[in-house]
Amino acid sequence: MKTNIPEGARAPHFWEALISLLSLVFGISLSIVVYGLDPHVPMLLGVMVAALVALRCGFSWQNIQNGMVRGITNALPATIILIIVGILIGVWILAGVVPTLIYYGLKVLSPSIFLPATVIICAMTSLATGTSWGTTGTVGVALMGVGAGLGFPLPLVAGAVLSGAYFGDKMSPLSDTTNMAPALAGTDLFTHIKHMSYTTGVSITLTLIIEIVLGLQYGGGEGDVKRIDTILQLLNENFTINVAMIIPPLVVMAVSYKKMPAIPGITLGVVSAAILAVGIQGANYEALLNAAFSGFEANTGNEDVDSLLTRGGMDSMMYTISLVIVAMMFGGVMERTNQLKAIADKILTMAKSTGSLIVSTVLTCIGANMILCDQYMAIVMGARTYAQAYRERGLAPENLSRAVEDSATVTANLVPWNSGGAYQAATLGVATIAYLPFAFFCWLSPIVTIVFGLMGWTIWKLDPEAAQDDHAATSPAE
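Numbering-wise (the working numbering), the sequence shown opens with residue 138 and increments by one.
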C-alpha cells in the first residue's frame, strides 16, 4: 500500500492501529449484541479514538479531517443510490408493480421450490444487469413479498435473495466489481471470471443444495392456502393487477444491460412506474410525492399485507445514510493516517506459504469491509496490499483477483455498518444480523476460496514471460 505520511508525522505502530480497530469492534458489539442499540454513536466514538491515535502519531487535525471528508466523498454515489432506491420502492408499490410481482409469484411459485428458485431468479437478474443492489431493490423486494405470502421466515428469504444477487454480481462481465478486481490485480476480465468459476461453482452448488433442503423443510406442503388466497384477494381489491406492471423492472434490467450508470437507470425505473401509477392505478401528484418521500402506507385491514406493502420512500433511507456517513468517516481516518497499512503490513509478514497468503488476502478484505465499510475500498485495499507479494512468489494475478472478489465483494452485505449491509437491510426490511446465517453463498465463498488456497487447487502460476516483462517494467532504467 502507498505510504502517505506528511512532514512532522510518523507511521503508526501496529498496536496503535489495533487500538483504533478494537475500539470500533468493541463499541459496536457492545451496542448491538448486549444492549440492542444502534451502532451510530459507538462508531462515532471509534472515529474519535482513531483521530486521537493519529494525533499521537503527529498527524495534524487537517490531515485527519481530510481523511474523514474523503471517506464521506467515496460514499456519496452509494448515498445517492440509496435515496433513489427508497423512492423507487415507494413508487413501485403505489404503481402496483410490487403487488403485481407478488401476485404472479404467489400464483406460480410453490413452497417446495421457492428458495432455490429465488436464488436462481436473482442470480439470472444480477448476471444480466451486473448489479446486486439493483437486483435486491427490484426483483428481491418482490420475492420477499412472495416468500412472506408463502409463510417463509423473512431472514431465510433475504438470504436466498442475497445469495443469488451476489453470485450474479461477482460473475457478470457487466459488474463494476468484476471489472475492478482484475484491473487492480493485473489480469484481464475473462481470465478473472474463468478462474472464479472454480470456487464460485462449488459455492453456488452448496448453496442450492442447502436451499433445496430448507425449501422441503419449510415448504413441504402446499403452504397456508387460506392465507395465500387472502393476500391474492386483497391485492386484487386494492391494486389493478396488470401485466403492464412488469414494464418498470424490465426497463431497469434493459438499461443496466446497456451499461447505463446505476443512478439514471434506477431513475428511469421510478419514472416509468410513476406513469403507470397515474395512468393505471389512478394516483395523483400528491400521492406520488408522498410515496416518494414517506413511502407507501397500505391500509387493507390485513396486518400481513399492510406490513408487506408499507415501506419505501426517501425518508426510510435516512437511518442507513447516516450510518454509512459515520462508517466512512472511520474508514477515511484509518486509511489517510496509515493505520490501515500498519495492520495490513503485520498480516503480510505472517503469510509465509501460498495458502497463508491467500488466507491473509481473504481476511484482509473481510477486515477492510468492517473497517472501511465499503466493498470497493475493500477491493482496492486487498489488491493493492498483496499484488507485489503474489508476483514475487510467482503466482498469477488471477489468483489474487479471485481471492479479493470471493471475499470483498460478497461479504460487504454481512457487515451491518458497511454500506452494503446497511443498504440490503434497509431494502429488504430484514436486519443484517438476522439474514447473515442464511446468506449461504456470501459466507461460503471466502471459506471455499481459503480451502482451495490451502489445498493448492487451481492455483495458477505466473507465466515466465509475463514475470520477465513485469520485472522489466518495474525495474529502474539504466
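In this text, a Cβ means the ideal position worked out from N, Cα and C, and glycines have one as well.
Please read all numbers here as calculations on a predicted model, not as lab measurements.
Spatial neighbours of residue i in its chain, beta-carbon cut-off 8 Å, leaving aside the 5 residues before and after
i: L413; result: A232, G233, V234, A381, M382, I384, P385
i: A610; result: Reliability of the predicted coordinates at A610 is poor, the pLDDT of 38 falling under 50, and no value is obtained from them.
i: V593; result: It should be pointed out that residue 593 corresponds to Gly in this sequence rather than to Val. Contacts found: T491, G492.
i: H150; result: A479
i: L532; result: T491, L494, I596, W597, K598, L599
i: E615; result: Caution applies to E615, whose pLDDT of 29 falls short of 50 and renders its modelled position unreliable; the model cannot decide the point.
Of the residues the options, the one placed nearest residue i, counting alpha carbons only
i: L372; options: G223, V547, P236; result: P236
i: Q202; options: T546, L485, T474, M514; result: T474
i: N375; options: I347, H332, A420; result: A420
i: E440; options: T367, G204, A505; result: T367
i: T344; options: A576, G406, V588, L446; result: A576
i: P143; options: P149, L591, L159, F196; result: F196
i: A524; options: L599, C194, P292; result: L599
i: C510; options: I169, P149, L321, V184; result: V184
i: A410; options: I217, A215, T275; result: T275
i: A148; options: I584, K483, A479; result: A479
i: V389; options: W580, A545, E542, T273; result: T273
i: I584; options: S157, A188, T336, G288; result: T336
i: E457; options: S157, T595, L213; result: The sequence as given places Thr at residue 457; Glu does not occur at that position. Ranking the options by Cα distance to T457, first place goes to L213.
i: L158; options: A188, F578, T546, A559; result: A188
i: N211; options: Q512, A391, S166; result: Q512
i: L460; options: A391, L369, W554, V407; result: W554
i: A295; options: I165, A318, V190, E348; result: E348
i: S453; options: Y560, P398, G352; result: Y560
Cut-off 6 Å between Cβ atoms - residues of its own chain near residue i, not counting five sequence neighbours on either side
i: T324; result: P534, E535, S538
i: A428; result: G227, V228, L231
i: S312; result: G267, D306
i: A540; result: I495, T498, V499, T586
i: G469; result: G204, M205, R207, G208
i: M518; result: A505
i: G450; result: G223, G227, F430, S431, G432
i: V463; result: H177, M180, L181
i: A545; result: C502, Q512, A515, I516, G519
i: A215; result: S556
Alpha-carbon to alpha-carbon, residue j and residue i
i: Y572; j: A146; result: 43 Å
i: I224; j: F433; result: 10 Å
i: F163; j: L565; result: 27 Å
i: N550; j: R364; result: 32 Å
i: V442; j: V245; result: 19 Å
i: M507; j: F251; result: 32 Å
i: W198; j: N141; result: 15 Å
i: S269; j: Y303; result: 6 Å
i: Q354; j: S249; result: 8 Å
i: P253; j: H177; result: 35 Å
i: G242; j: P310; result: 29 Å
i: L161; j: V186; result: 8 Å
i: I484; j: G557; result: 25 Å
i: I403; j: G277; result: 15 Å
i: G338; j: W597; result: 17 Å
i: K395; j: M487; result: 44 Å
i: L405; j: L445; result: 24 Å
i: T328; j: T437; result: 52 Å
i: G271; j: R193; result: 43 Å
i: H332; j: L299; result: 22 Å
i: N379; j: L351; result: 32 Å
i: I346; j: A318; result: 28 Å
Beta-carbon contacts of residue i that lie in its chain and below 7 Å, excluding the five residues immediately before and after
i: I239; result: A279, G282, V283, G286, L372
i: G301; result: T255, V256, I257, I258, C259, A260, S263
i: A568; result: A562
i: M466; result: V184, M205, G208, I209
i: I400; result: I217, I218, I221
i: N316; result: L326
i: L581; result: S340, L343, T344
Residues sharing a beta bridge with residue i, DSSP
i: L532; result: K598
i: R448; result: F433
N- and C-terminal bounds of the alpha helix (DSSP H) containing residue i
i: N506; result: 491-508
i: G557; result: 556-565
i: R147; result: R147 -> no alpha helix (DSSP H), and no H or E assigned at all.
i: N200; result: 198-232
i: N316; result: 313-322
i: Y456; result: 455-473
i: L657; result: A query on residue 657 cannot be resolved here, the shown segment of the chain reaching from 138 to 615 and no further.
i: M281; result: 278-286
i: C579; result: 577-592
i: G271; result: 269-272
i: S409; result: 399-416
i: F304; result: 291-308
i: A191; result: 177-193
Any non-hydrogen atom of the ligand ATP closer than 7 Å to residue i Cβ
i: T474; result: In the structure on display, the ligand ATP does not appear, and there are no ligands present to speak of.
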